[in-house]
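One structure is given below, encoded as structure tokens.
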Amino acid sequence: MKPDLVMINALADGHCATGNMNHAFSLLKEMDNMRMDPDDVTYNCSMRGLCGEGKFEEARELMGEMERRGTQPDHVSYNTLISGYSKKGDVEHAFMVRDEMLSLGFNPTLLTYNALLKGSSEIAEELLREMKSDGTTNDSTYCSVIEAMSNLDQNAQKADT
Numbered sequence: 001m002k003p004d005l006v007m008i009n010a011l012a013d014g015h016c017a018t019g020n021m022n023h024a025f026s027l028l029k030e031m032d033n034m035r036m037d038p039d040d041v042t043y044n045c046s047m048r049g050l051c052g053e054g055k056f057e058e059a060r061e062l063m064g065e066m067e068r069r070g071t072q073p074d075h076v077s078y079n080t081l082i083s084g085y086s087k088k089g090d091v092e093h094a095f096m097v098r099d100e101m102l103s104l105g106f107n108p109t110l111l112t113y114n115a116l117l118k119g120s121s122e123i124a125e126e127l128l129r130e131m132k133s134d135g136t137t138n139d140s141t142y143c144s145v146i147e148a149m150s151n152l153d154q155n156a157q158k159a160d161t
């Protein structure tokens, strides 16, 4: 049975989720050999894996390759980068990606806001106001705010010791 795009994406996603990026990129090369074009799912799961390893430069390069090969980045692409930067505590870059996303006409989603909130408790109130003004529901966002505040409290306690 010849593998199709769905099968390869599932395999690549599994490799990315377990941090086995070498195997994931081997699948991308194999796709080239089979003259099969990666789609947004292929690229986004690869970007997620790279971000999980802190390889943001490579994730950005992959986004560039995605565009060069005719697949446009989507909300998932940008949210993947934002979430990755936020998890690593690089709020500045997370907001830069959000600004890039806005400049291209993408509106932030609930996932965008939650990722940004988890990255910095200091901007939580500002983001909640922004969400309210643009009509984004915030049902699960309060959990992100509580988590950010908890992290801030834990960091303050560590600094006191």
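Numbering-wise (full-length UniProt numbering), the sequence shown opens with residue 1 and increments by one. Just so it is clear, CB atoms sit at the ideal spot from N, CA and C, and this is done for glycine as well. Fair warning: this is a prediction, and the values are worked out from it, not measured in the lab.
| Asked | Found |
| --- | --- |
| Helix, strand or coil, according to DSSP, for residue 164 in the structure here? | As shown, the chain starts at 1 and ends at 161. That puts residue 164 outside it, with no answer to give. |
| For I82, report the span of its alpha helix (DSSP H) as first-last. | 75 to 87 |
| Report buried or exposed for G14, applying the criterion of at least 16 other Cβ atoms within 10 angstroms of its Cβ. | exposed |
| Could you give the first and the last residue of the continuous alpha helix (DSSP H) run that contains S120? | Note, S120: premise wrong, no alpha helix (DSSP H); not H, not E. |
| Distance, Cα to Cα, L62 vs F56? | 10 Å |
| Taking the alpha helix (DSSP H) that D37 falls in, what are its first and last residues? | Where D37 is concerned, there is no enclosing alpha helix (DSSP H), given that its DSSP letter is neither H nor E. |
| If you run the structure through DSSP and keep just helix, strand and coil, what is K55? | coil |
| Do you know offhand how far I82's Cα is from R35's? | 31 Å |
| Can you round the beta-carbon distance between L110 and T137 to whole angstroms, since I take them to be within the 8 Å contact cut? | 7 Å |
| Please classify V6 as buried or exposed, where buried requires at least 16 neighbouring CB atoms within 10 angstroms. | exposed |
| Between the beta-carbon of Y85 and the beta-carbon of H93, is there less than 8 Å? | yes |
| Identify which residue in L102, E130, L117 has its Cα closest to the Cα of S150. | L117 |
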